[in-house]
Each structure stands twice: as C-alpha cells, then as structure tokens.
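This report refers to the structure that appears directly beneath it.
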Amino acid sequence: MSREDYEVIIGLEVHSELSTKTKIFCSCPTGFGAEPNTHICPICTAMPGTLPVLNEKVVEYAVKAGLATNCEIARQSKNDRKNYFYPDLPKSYQISQYDKPLCEHGYVNIDVDGKEKKIGITRIHIEEDAGKLNHDDLQGGALVDLNRAGVPLIEIVSEPDMRSSREAEEYLKKIKSILEYIEVSDCKMEEGSLRADVNVSVRKKGDTKFGTRTETKNMNSFRSIVREIEYEIDRQIDILENGGTVEQETLRWDDVSGKTFPMRNKENSEDYRYFPEPDLVAINLSEEYIENIKNNLPELPESRKRRYLEEYKLSEKDAGIITSSRYLSDLFEDTIKVCDNPKAVNNWIISDISRILNEEEMDAKDIPFTAEELGKLIILIDKGTISSSIGKKVLEELFENPQDPEKIIKEKGWIQISDEGAIKEVVSKILEANPQSIADYKAGKDRALGFLVGQAMKETKGKANPKMLNQMFLEELKK
45 MSREDYEVII
55 GLEVHSELST
65 KTKIFCSCPT
75 GFGAEPNTHI
85 CPICTAMPGT
95 LPVLNEKVVE
105 YAVKAGLATN
115 CEIARQSKND
125 RKNYFYPDLP
135 KSYQISQYDK
145 PLCEHGYVNI
155 DVDGKEKKIG
165 ITRIHIEEDA
175 GKLNHDDLQG
185 GALVDLNRAG
195 VPLIEIVSEP
205 DMRSSREAEE
215 YLKKIKSILE
225 YIEVSDCKME
235 EGSLRADVNV
245 SVRKKGDTKF
255 GTRTETKNMN
265 SFRSIVREIE
275 YEIDRQIDIL
285 ENGGTVEQET
295 LRWDDVSGKT
305 FPMRNKENSE
315 DYRYFPEPDL
325 VAINLSEEYI
335 ENIKNNLPEL
345 PESRKRRYLE
355 EYKLSEKDAG
365 IITSSRYLSD
375 LFEDTIKVCD
385 NPKAVNNWII
395 SDISRILNEE
405 EMDAKDIPFT
415 AEELGKLIIL
425 IDKGTISSSI
435 GKKVLEELFE
445 NPQDPEKIIK
455 EKGWIQISDE
465 GAIKEVVSKI
475 LEANPQSIAD
485 YKAGKDRALG
495 FLVGQAMKET
505 KGKANPKMLN
515 QMFLEELKK
C-alpha cells in the first residue's frame, strides 16, 4: 500500500505567550532576553507561604482571542492544578484550566488552493508557562532559568480537522495572524512566544476510527512543523505496513536529522491528577464585560481582505497575502496615506518586499523602514525623479539602512536622467552598436525595441528616463 491509501488526522495545540507587562500570578516582568533568573520572585519560584493573584489582563486577552476565533465565552470558569514533575517547574504543578476553560467551541476558516475549510477549535484556556532548561553539551548537565516561569499563556486546542501538513501550516498562519491583529501576543516563534504541540495519526481510507496518535512537543517554526508532520506520516504508515503497532507517545523533533525521537509515553488527563486550584477564586465574567471586549475588537484579517477587494480592487490572491500579516496590512494602509497610490503600494509589497522577506527569512514585523519612507519612494518614481529599476535599489538600501529615500538617491547619484540631449546621446550610441536590432525591428520584431531600451538602461546604470528612451528610440527607428 502507498500513502494514498491512508488518511492523515492532525490536531494542534498552540501555545501563545501573552503580551502582558507582568506575569500571570505576580508582578515580575515578562520581557524576553534578560539575564537568567533576574525576572523572578518568591511567587513564581514557588517559595513556601506565597499566594498567586490572577492578572486581570490575562483574562481580557484570552477572551479577546476567543471572540476573534468565534468561541463561546464562559461566564464562569476556574483554574486547576495540573500535576507533573520537571526540573523547570518549581511548584511541581502548573496552574492551568481543565473542565471549565474560558473559551470553547470556536473555529477559523483557512484557504488551501482556493478552497475554504473550517477548522474547529475545541477550547482556549489560560495557564502559566514553565521555566527553561539550558543544557550544557560540553560540560554535561543543565542549568535552570526561571525567568519564563509564570509568563501567561493561552493554549488554543484545535479539533482533529486537518488532513495534511499544508492545512496544518495554513491553520497555524491564520492563528498567528489573528493573535497579531488583536495584539495579545507578539507571536515571535524564534523566541518561543508561539509554539505548537503537533498530534498526528493515520488510518486506512474508509476507516471511521482514529489511529493511535503521537504528540511532538514545542515546535516553533512553520518549516519544521511541516517537515515533522511529513516524516511522522511516513513513519507511522511504514510501521503499519510492516505489521507493527503505533505507540501512543510524546516525541521530540530533531531538525538536523529530520526525525522524531521518543521522550516518554503520552500522558492522559488522569495522569495529571487535575483538581481545582484552592488558592484562586472562580472567574466570573459579566455580559457587559464580554460585550465591551467584543465591541473594541480591531478589524480582523477576513474583514480587511473583503474591504481591500472592494475598496482597492486588489486580486483575491494579493489581498490574501497582504492581510495575512497585520504588519504588512498596516504598512499597506499607512503607505497609501502618504503616496495615494494603492496599486503601486500593492505591487511593491507583493513583489519586491515579499521577495526580500523570503530571501532573508524575515518576518514582516521586522521590516526596518517606515510607511512614510516607502511612500516617499513611490512618490519619487511617480514624479519621474528615479526609475522603477533604481527604486528597487533604493528599497534594498531601505532594508539595509532605513532613511529618507531622497537622501539615498542624492548620496548614490541615482537621480533619473531626463535631459533630452543626454538621452539622445545614449540612444545614438546604442543604435550604432546594434545594427541587427534595427533590422529586426524594421522586419516586424517588436521585441527588438525592448532589447535596445534595456541596453540603454544598462549603459546609464538604470538612471535614464524609460519613457523618454522608448519615445526617442521609436522616433529614430521610424526614420
């Protein structure tokens, strides 16, 4: 049998650190990158006699996420103790939510190859993050950094509705996009503030019962998640095809070898011995509280996409790319305010800006220049001060050293040549050097004109006015 004879079942548990200034149960700061064990206190290190106090902003952000993903918001919920024993968990339990989460029964829509699919969300609950073990491979052993202990998380648990790694990737991108739009998390995957546990199982097509699932923990890159799913699908199918049984276990992904490795047998809820957190009161939310958050939600990606289609007449594809990131979308809108040229702004974001982001493996939030600088660049091209080919060079400079585009072109000597005499001189030189192109054009080969213009642009290092070049070449060729 081949992979085509099997169906893949994928569910994701997305953990997102919330962008609150302080931790979930104490006033320690949540900033990333501090010296180890400097953002800690007796509460988040679980010293005897300390009591947690719930950060109200955590509840607000979780409700925001629930409303943005079409969840039902619980008017009454509570915190629970989830017991497990790891070196980076000082209390030997995690305060989480078990049977009464804040948000349930939601969904998001994803688009794969032009087809829309609804992915269910089982629940969104709040919990505290654990610390971090820093392993010393040279000397052996590990050191514990508790700065992250107590940083607030929401866990977004999907239904097992995804059937391919592509669907899983699109779902994760949609969740990341929504969290960025509502500004509850910075979603910096490289810093671990957005990560996912990936549940994968396979079954023969036609079977109604799910296969045995494995869970790969703490994945924090789209590329690695796709690779892990593809590997795990093949691994499980290979086991079944050889008469074996897939074990329910927790795995870790090794990005270098491209393989999963067992960590431990997969826990079930009874293994965690949940019970209500006795040191915290229940969470009771009024209708007015929920309605106020709902009324103050920002415009979400799908709404912006519809507006761009109507207001700016963007293509479905372009509108989807731009609105997939709040940072790209904000750049698009803010740049239009500067240059009043939506079509040009769209083209720059979709083509050259997206290309550079991909080449440099950058996230849109790390774009170093401002909307004002991009808008000024577009104005300079529209006015004929620089050509579009020089504009591409200016954009690369903006990525390297963001500053006023006008200053860049003056320093680099990139101002467009629009002097008729200078351009005529270039045209004469190119025509003299390319008699075959003249003959080709006169024989009806229009592409010869494009070649000649290209040669002239090369001669002037992209600084000649392309409209003037076209016009002057045509005049000369028709003589």
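The sequence shown begins at 45 in my numbering and counts up one residue at a time.
From the three backbone atoms N, C-alpha and C, an ideal C-beta is built for every residue, glycine too.
These numbers come from a predicted model, not from an experiment.
**Request:** From the DSSP output, in three-state form, read off Thr-294 for me.
**Result:** The residue given as residue 294 occupies position 250 in the sequence shown. Reduced to three states, the DSSP call for Thr-294 is strand.
**Request:** Return the bridge partner residues of Val-201 from the DSSP annotation.
**Result:** On the sequence shown, position 157 is the one that residue 201 refers to. Answer is Glu-57 and Arg-167, bridged to Val-201.
**Request:** Specify whether the stretch 225-241 and the stretch 52-71 touch according to this definition: at least 3 beta carbon pairs, one from each stretch, less than 8 Å apart.
**Result:** yes
**Prompt:** The beta strand (DSSP E) with Leu-238 in it runs from where to where?
**Reply:** Within the sequence shown, numbered from 1, the residue matching residue 238 stands at position 194. Segment 238-248, the beta strand (DSSP E) holding Leu-238.
**Per DSSP, the bridge partner or partners of Ile-219** = What you label residue 219 is simply residue 175 of the sequence shown in a count that begins at 1. DSSP output for Ile-219 lists no bridge partner at all.
**Prompt:** Is Leu-111 near Leu-197, with beta carbons less than 8 Å apart?
**Reply:** Position 67 of the sequence shown, counting from 1, holds the residue named residue 111. Position 153 of the sequence shown, counting from 1, holds the residue named residue 197. Not in contact: Leu-111 and Leu-197 (Cβ atoms no closer than 8 Å).
**Item:** Sequence-distant residues of the same chain with beta carbon closer than 8 Å to Gln-460, five excluded per side
**Value:** Taking the first residue of the sequence shown as 1, we reach residue 460 at position 416. The residues are Gly-428, Thr-429, Ile-430, Ser-431, Ile-434, Lys-507, Ala-508 and Asn-509.
**Request:** Pick out whichever of Asp-484, Gly-175 and Glu-51 has its Cα sitting closest to the Cα of Lys-249.
**Result:** Within the sequence shown, the letter at position 205 stands for residue 249. If we check each option's Cα against that of Lys-249, Glu-51 comes out closest.
**Message:** Please report the straight-line C-alpha distance between Ala-415 and Arg-370, rounded to a whole angstrom.
**Reply:** The residue labelled residue 415 in the question sits at position 371 within the sequence shown. The residue labelled residue 370 in the question sits at position 326 within the sequence shown. Near 13 Å, if we compare the C-alpha coordinates of Arg-370 and Ala-415.
**Request:** Report yes if the C-beta distance between Tyr-318 and Tyr-128 is below 8 Å; otherwise report no.
**Result:** Start at 1 with the first residue of the sequence shown, and residue 318 comes out as number 274. Start at 1 with the first residue of the sequence shown, and residue 128 comes out as number 84. Cβ atoms of Tyr-318 and Tyr-128: not closer than 8 Å.
**Prompt:** Name the DSSP beta bridge partners of Ala-492, please?
**Reply:** What you label residue 492 is simply residue 448 of the sequence shown in a count that begins at 1. Beta-bridge pairing links Ala-492 to no other residue.
**Message:** Alpha carbons only, please: which of Thr-89, Asp-173, Asn-178 and Ile-165 is nearest the one belonging to Lys-102?
**Reply:** Counted from its first residue, the sequence shown places residue 102 at position 58. Position check: residue 102 holds Val in this sequence, whereas Lys was assumed. Checked all of Thr-89, Asp-173, Asn-178 and Ile-165; the closest Cα to Val-102 is Asp-173.
**Prompt:** DSSP on Phe-376, reduced to helix/strand/coil?
**Reply:** As a working note, residue 376 is residue 332 in the sequence shown. Phe-376 falls in the helix class under three-state DSSP.
**Request:** Go ahead and label Met-307 buried or exposed: buried means 16 or more other beta carbons lie within 10 angstroms of its beta carbon, across all protein chains shown.
**Result:** Against the sequence shown, residue 307 aligns to sequence position 263. Per the 10 Å Cβ criterion, exposed.
**Asked** How many Å lie between Arg-207 and Ser-140 at the Cα?
**Response** If you number the sequence shown from 1, residue 207 lands on position 163. If you number the sequence shown from 1, residue 140 lands on position 96. Answer to the nearest angstrom: the Cα atoms are 29 Å apart.
**Message:** So for Tyr-142, helix, strand or coil by DSSP?
**Reply:** Looking up residue 142 in the sequence shown gives position 98. Tyr-142 falls in the coil class under three-state DSSP.
**C-alpha gap between Leu-353 and Ile-226, whole angstroms** = Within the sequence shown, residue 353 is the residue found at index 309, counting from 1. Within the sequence shown, residue 226 is the residue found at index 182, counting from 1. Their backbone Cα atoms lie some 22 Å apart in a straight line.
**Request:** Name, in chain order, the residues that DSSP records as bridge partners for Met-206.
**Result:** Taking the first residue of the sequence shown as position 1, residue 206 is located at position 162. Note: Met-206 sits in a beta bridge opposite Ile-54.
**Proximal residues to Val-438 (C-beta, below 6 Å), its chain only, five neighbours per side dropped** = Here residue 438 corresponds to residue number 394 of the sequence shown, with the count starting at 1. Cβ neighbours of Val-438 beyond the five flanking positions: Leu-421, Pro-449 and Ile-452.
**Item:** Ordered list of alpha helix (DSSP H) runs contained in the stretch 340-390, each at least 4 residues
**Value:** 345-355, 360-367 and 370-383
**Message:** One question on the structure: do Glu-444 and Asp-124 come within less than 8 Å of each other, judged by their Cβ atoms?
**Reply:** By one-based count along the sequence shown, residue 444 stands at place 400. By one-based count along the sequence shown, residue 124 stands at place 80. No, these two residues do not count as a Cβ contact at 8 Å.
**Message:** If I measure Cβ to Cβ from Val-156 and keep anything under 7 Å in the same chain, skipping five residues before and after, which residues do I get?
**Reply:** Taking the first residue of the sequence shown as position 1, residue 156 is located at position 112. Within the same chain, Val-156 has close Cβ partners Arg-210, Glu-211 and Glu-214.
**Message:** Can you find the residues in the same chain that come closer than 7 Å, C-beta to C-beta, to Glu-520, ignoring five residues on each side of it along the sequence?
**Reply:** Numbered from 1 along the sequence shown, position 476 holds the residue referred to as residue 520. Cβ within range, chain order: Val-471 and Leu-475.
**Message:** Quick check on this structure: which residue in Met-501, Ser-481 and Ile-163 has the alpha carbon closest to the alpha carbon of Val-201?
**Reply:** As a working mapping, residue 201 is identified with position 157 in the sequence shown. Comparing Cα positions, the closest option is Ile-163.
**Message:** Applying the 10 Å Cβ sphere with the 16-neighbour rule, what's the burial state of Gln-120?
**Reply:** As a working note, residue 120 is residue 76 in the sequence shown. Exposed: under 16 other Cβ atoms inside 10 Å.
**Message:** Here's the rule I'm using: 16 or more other beta-carbon atoms within 10 Å means buried, otherwise exposed. How should Asp-189 be labelled?
**Reply:** On the sequence shown, residue 189 is found 145 positions in, with the first residue counted as 1. By the 10 Å Cβ count, Asp-189 comes out buried.
**Prompt:** Terminal residues of the continuous alpha helix (DSSP H) containing Glu-417?
**Reply:** Along the sequence shown, read from residue 1 onward, the residue named residue 417 stands at position 373. First-last of the alpha helix (DSSP H) with Glu-417: 415-426.
**Asked** Alpha carbon to alpha carbon, what distance is there between Lys-232 and Asp-107?
**Response** Numbered from its first residue, the sequence shown carries residue 107 at position 63. Numbered from its first residue, the sequence shown carries residue 232 at position 188. Sequence check: residue 107 is Val here, not Asp. Roughly 21 Å separates the two Cα atoms.
**Prompt:** Taking just the CA atoms, how far does Thr-66 sit from Lys-261?
**Reply:** Stepping through the sequence shown from its first residue, residue 261 is reached at position 217. Stepping through the sequence shown from its first residue, residue 66 is reached at position 22. If you take the alpha carbons of Lys-261 and Thr-66, they lie about 26 Å apart.
**Asked** Taking DSSP as the reference, what is the three-state secondary structure of Glu-116?
**Response** To locate residue 116, count along the sequence shown from 1; it is residue 72. Three-state result, Glu-116: strand.
**Message:** Mapping the DSSP letters down to three states, classify Val-299 as helix, strand or coil.
**Reply:** What you label residue 299 is simply residue 255 of the sequence shown in a count that begins at 1. Reading off the sequence shown, one finds Asp at residue 299, where the question assumed Val. DSSP places Asp-299 in coil when its eight states are reduced to three.
**Prompt:** Can you tell which of Tyr-356, Thr-94 and Ser-221 has the C-alpha that lies nearest to the C-alpha of Asp-323?
**Reply:** In the sequence shown, residue 323 corresponds to position 279, counting from 1. That would be Thr-94, whose Cα lies nearest to the Cα of Asp-323.
**Cα-Cα separation, Thr-82 to Cys-72** = Locating residue 82 in the sequence shown gives position 38, where the first residue counts as 1. Locating residue 72 in the sequence shown gives position 28, where the first residue counts as 1. Rounded to the nearest angstrom, the two C-alpha atoms are 9 Å apart.
**Prompt:** Quick one: Cα of Gly-175 to Cα of Leu-182, how far?
**Reply:** Start at 1 with the first residue of the sequence shown, and residue 175 comes out as number 131. Start at 1 with the first residue of the sequence shown, and residue 182 comes out as number 138. So the two alpha carbons sit approximately 22 Å from each other.
**Asked** What residues match up with Met-263 in a beta bridge as DSSP calls it?
**Response** Residue mapping note: residue 263 aligns to position 219 of the sequence shown, counting from 1. Partner(s): Ala-240.
**Message:** Run through the DSSP bridge pairs and tell me what Lys-126 is partnered with.
**Reply:** Taking the sequence shown and counting its residues from 1, the one referred to as residue 126 is at position 82. Gln-138.
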